[in-house]
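Worksheet for the structure shown next.
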Amino acid sequence: MKVAVVLNTSWNIYNFRLNFIKSLLAEGHEVHTIAPNDDYTHFLTEIGCTHHNVKMDSRGANPIKDLGLLIELWAIYRRLKPEVVLHFTIKPNVYGTLAAAMLGIPSVNNVCGLGTVFLKDNLVSKIAIGLYKISFRYPSKIFFQNPDDLKLFVSRKLVAAQKADIVPGSGINLEHFMPADFQRNETFTFLMISRLITDKGVLEYVDAIQRFKQQGLKAKFQVLGAIDPQHKRGINEKTIAKWIEEGTFEYLGTTNDVRQFIQAADCVVLPSYREGTPRTLLEAASSAKPIIATDVPGCNHVVENNINGLLCKIKDEKDLANKMVQMHAMDDSKLKAFGQNGRVKMERQFDEKLVINKYLAELKIIQIAS
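When the letters of the sequence shown are read in order and numbered with full-length UniProt numbering, they come out as residues 1 to 370.
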């Protein structure tokens, strides 16, 4: 089959879907990737994909730009004539699906996360939900990354229940993210891996760090991830610079390989407001690291409280600080058990082969139907 895979960045395809793409190629499918060009585009063409550049602003809603994206995707699909289009991330899910439907091309969508659309009640969110309702009539299948998101879409009649299914996020490559021998740092180290935007709970993390320090306890606090002040909910660069200068946390910048940073930490923290299935937590659990995360959809499907980590209340820096103090006080045997439990959970529920197999099965159904 001629298969088009559409995401908001080439980086995203390479980092989260590479083995899936390789599986499609190994099955004999002709794979076309559609995403904005970036430093990772050449990796896709080198493994055998044909890449198509597209303009896409994933930072917010702009009616003119979004209409332009719809037209651009329609033109690419019309020229390319794929037998199926696989959409990931919000804008491809909405505008890519509409473009495919206009041309009678089957599509399969993946709801990677809800963004802020369902966290706020304003005109923009109402328009976005309306677009979901229109576009999600057309896909052959819509995969959700956690049951809460699926239930929400079905209950709001945004998707027909018979078209919906669950996949464990993008899955995790269990051979790439492997546990190392347990070793606790002399100074306990917390690591948050995230873009510096408010929805990820960065402000709560900073506040919790200050509360932690006020108790006279010693620990290291780190942040790994992109500074994104252009994002609607991005944190001001001056504010971040002040936190770094005051020693609130150590900023590690960005990286192409998070494994060394995960292995060097004692606990990975993500106080996010809502997730699909957070990749960073899959990577941490697969690496046998204890986790602190918010008790919200997505996070609480990766972290089981007091099994492989601790869950804290959403937007509650005091509770987050308490959980960090609790984790810091645990003995080595408890921390090691958390890590081992997380690894077992990844092996049983989140192996990326589960995701790949579901997609390959869906492609066979579409192929037979056509």
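Note that the Cβ used here is the ideal one computed from N, Cα and C, for glycine as well.
Discussion item. Assuming contact is defined by CB atoms lying nearer than 9 Å, are L282 and F350 in contact in what I supplied?
Written reply: yes
Item to complete: Report the rounded CA-to-CA distance for K218 versus T189, giving the unit in angstroms.
Response: 9 Å
Worksheet item: Would you report the Cα separation of A284 and V268, rounded to the nearest angstrom?
Response: Roughly 7 Å separates the two Cα atoms.
Worksheet item: Buried or exposed: which applies to E186, given that a residue is buried once 16 or more other Cβ atoms fall within 10 Å of its Cβ?
Response: exposed
Fill in: Same chain only: Cβ atoms within 6 Å of F221, ignoring 5 sequence neighbours per side
For F221, the CB contacts under 6 Å within the same chain, skipping 5 residues up- and downstream, are F190, I209 and F249 in chain order.
Worksheet item: Over what stretch of residues does the alpha helix (DSSP H) that includes E352 continue unbroken?
Response: E352 to A369
Fill in: Contact set for E237: own chain, Cβ-Cβ below 7 Å, skip 5 residues either direction
I227 and P229
Worksheet item: Unbroken beta strand (DSSP E) runs of length 3 or more, entirely within the stretch 125–169: which are they?
Response: 141–144 and 164–166
Item to complete: Report the rounded CA-to-CA distance for T9 versus N110, giving the unit in angstroms.
Response: Computed Cα separation, rounded: 15 Å.
Item to complete: Sort L174, K200, K345 and A337 by Cα distance to L114 and report the nearest one.
Response: Taking only the C-alpha atoms, the option nearest L114 is K200.
Worksheet entry | Residues near C49 in its chain [Cβ-Cβ closer than 6 Å; skip 5 each side] | V31 and T33
Worksheet item: M327 by DSSP, collapsed to three states: which one?
Response: Reduced to three states, the DSSP call for M327 is helix.
Practice prompt. Might you give, ordered along the chain, the residues of its own chain that have their beta carbon closer than 6 Å to the beta carbon of D332, omitting 5 neighbours on each side?
Written response: R184
Worksheet item: Looking at the structure shown, is Q215 part of a helix, part of a strand, or coil, going by DSSP?
Response: coil
Worksheet item: For G276, which of Y132, F43, D148 and A265 has the nearest alpha-carbon?
Response: D148
Practice prompt. Just grab the DSSP bridge partners of N110 for me.
Written response: F88 and F143
Practice prompt. Tell me Y251's beta-bridge partners as DSSP assigns them.
Written response: V223
Worksheet item: Residues in its own chain within less than 7 Å of H328 by CB, not counting five upstream and five downstream?
Response: F188, L217 and A219
Discussion item. Mapping the DSSP letters down to three states, classify K289 as helix, strand or coil.
Written reply: coil
Worksheet item: Looking only at its own chain, which residues have a Cβ that is under 6 Å from the Cβ of D207, when we skip the five neighbours before and after it?
Response: The answer, listed in chain order, is E317.
Worksheet item: Taking the Cβ atom as the reference point for each residue, do H29 and V6 lie within a distance shorter than 9 Å?
Response: no
Item to complete: Can you give me the Cβ contacts of K65 inside the same chain, cut-off strictly under 6 Å, excluding the 5 residues immediately before and after it?
Response: D57, listed in sequence order.
Discussion item. In whole angstroms, give me the CA-to-CA distance for R343 and A293.
Written reply: 16 Å
Worksheet item: CA-CA distance, V94 and S135?
Response: Their Cα atoms are separated by approximately 6 Å.
Worksheet item: Cβ of I105 within 9 Å of Cβ of K81?
Response: yes
Discussion item. Given a cut-off of 9 Å on the beta-carbon distance, is the pair E352 and I172 in contact?
Written reply: yes
Worksheet entry | Between the CA atoms of K345 and R137 - distance to the nearest angstrom | Spanning the two alpha carbons is a distance of roughly 34 Å.
Worksheet item: Nearest-angstrom Cα distance between W11 and L360?
Response: 23 Å
Worksheet item: From what residue to what residue does the alpha helix (DSSP H) around K238 run?
Response: E237 to E246
Worksheet entry | Beta-carbon proximity check, residue 381 vs F43, cutoff 9 Å | One cannot answer for residue 381 here, as it falls past the ends of the chain, which runs 1 to 370.
Discussion item. If distances are taken between C-alpha atoms only, which option among I166, G68, D38 and K141 comes closest to L354?
Written reply: I166
Item to complete: Ignore the nearest five residues each way along the sequence and tell me which others in M102's own chain have a CB closer than 7 Å to its CB.
Response: W74
Practice prompt. With DSSP as the reference, label F20 as helix, strand or coil.
Written response: helix
Worksheet entry | Cβ pair S194, L224 closer than 9 Å | yes
Worksheet item: Opposite G234 in the DSSP bridges: which residues?
Response: I197
Practice prompt. With a threshold of 16 other CB atoms inside 10 Å of the CB of M324, please say whether the residue is buried or exposed.
Written response: buried
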